[in-house]
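Just so we're aligned: 342 in the working numbering is position 226 of the sequence shown, and the numbers increase by one with no gaps anywhere.
Built from N, CA and C at the ideal position, the CB exists for glycine as well.
Because the structure is a prediction, the values reported are computed rather than measured.
Please read the structure below before turning to the comments.
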Amino acid sequence: MAGKMRRFPYVSYCCSSKEGHLKVTPHASLRPEIWPAVVLLLLASLITTGCTRSHSPRPVERDPCLDAGPAHTKAYAKCMSERKERQAEALRILLSDDPADNPQRQVAVPGDSDFQPSDFPDEPMPASFRMPSDLNLKDTQAFPYKARISWKYVSDRFLPSSKESARMMQVDRLIKAAVTADEFAKWGCTVTGGKRQVWVFYTLDDAAFVSRVQAALAQTGPYPIEFSSRKQADVSAEVPNTEQTRLTPKRCLE
Numbered sequence: 117m118a119g120k121m122r123r124f125p126y127v128s129y130c131c132s133s134k135e136g137h138l139k140v141t142p143h144a145s146l147r148p149e150i151w152p153a154v155v156l157l158l159l160a161s162l163i164t165t166g167c168t169r170s171h172s173p174r175p176v177e178r179d180p181c182l183d184a185g186p187a188h189t190k191a192y193a194k195c196m197s198e199r200k201e202r203q204a205e206a207l208r209i210l211l212s213d214d215p216a217d218n219p220q221r222q223v224a225v226p227g228d229s230d231f232q233p234s235d236f237p238d239e240p241m242p243a244s245f246r247m248p249s250d251l252n253l254k255d256t257q258a259f260p261y262k263a264r265i266s267w268k269y270v271s272d273r274f275l276p277s278s279k280e281s282a283r284m285m286q287v288d289r290l291i292k293a294a295v296t297a298d299e300f301a302k303w304g305c306t307v308t309g310g311k312r313q314v315w316v317f318y319t320l321d322d323a324a325f326v327s328r329v330q331a332a333l334a335q336t337g338p339y340p341i342e343f344s345s346r347k348q349a350d351v352s353a354e355v356p357n358t359e360q361t362r363l364t365p366k367r368c369l370e
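So this is what it looks like as structure tokens:
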């Protein structure tokens, strides 16, 4: 013969045994040194034939800003911009060490504090009240003037936009740092509602109070704020025990 036929080793395998495991039947002529290559071949076969478990893709979440308008419209762009501002402000507050950013500050709303419904203004206007938790009438009577700072805002919602709210918080920090550090004034309350935010302070001198605030805001302003003040009334006859009578939202706004 011109030549002899060469015999090659082979292996048979199957994926459908009763126990669900791979069955391998080696031929008698299969050499041990080629077993690693055989195992790799079998693993590759299992992967390519789809024996591995498939994972379904995560569902695509709908962009909530599409409720404001289709993509590439002004309404959609405004929604996206406000969302980024809210996220940035939330991150700033989270990382802030300023006590003014502390969410544990007293927020005086019915059902969420120890105030009674009668402690709030009679007007049926929804509003949020922020107040010191330990301010009593005797503390306020030490100051002859009550000063107000008002900021009117435009918003489609009850609260101001996140961008305007961030500016208000900046003003809040600057004002308090300028007038309360040396006991020149004491913060009474901050009220937000009815397209307006109002700060109420009790101060020794109303004209000097305005000058201090304007100087504190000059570097970062201007801001759409208005000032008003009046002489305080003596309530000692009306409320004999002023030292133990807490300042209420209603009395703060009187």
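Can you tell me whether DSSP reads residue i as helix, strand or coil?
i    : result
K302 : strand
V270 : coil
R178 : coil
K366 : helix
D350 : coil
H143 : Any answer about H143 is weak, because its pLDDT of 49 lies below 50 and its placement is not dependable; what the coordinates show is given next. The answer is coil: DSSP assigns H143 none of H, G, I, E or B.
T189 : coil
A263 : strand
T336 : coil
T296 : coil
S343 : According to the sequence shown, residue 343 is Phe rather than Ser. In this structure, F343 counts as strand in the three-state DSSP scheme.
F317 : strand
Less than 7 angstroms between the CB of residue i and some heavy atom of the ligand FAD, yes or no?
i    : result
Y261 : No copy of the ligand FAD appears in this structure; indeed no ligand is present at all.
So, is residue i buried or exposed, given that buried needs 16 or more other C-beta atoms within 10 angstroms?
i    : result
V314 : buried
T168 : Its pLDDT being 47, under 50, T168 is placed unreliably by the model, and the measurement read from it follows with that caveat. Under this definition T168 is an exposed residue.
D288 : buried
A301 : buried
G337 : exposed
Compute the distance between the beta-carbons of residue i and residue j, then report whether it is under 8 angstroms.
i    : j    : result
A263 : S345 : yes
L369 : V316 : yes
L363 : L251 : yes
I265 : V329 : yes
R246 : C181 : no
Since residue i and residue j are thought to touch, with beta carbons under 8 angstroms apart, how far apart are those beta carbons, to the nearest angstrom?
i    : j    : result
A243 : G310 : 7 angstroms
Y269 : D322 : Between D322 and Y269 the Cβ distance is about 24 angstroms, and since that is not below 8 angstroms, they are no contact.
Which partner residues of residue i appear in the DSSP bridge assignment?
i    : result
I291 : I291 pairs with nothing; no bridge assigned.
S277 : In DSSP, S277 forms no bridge with anything.
G309 : R312
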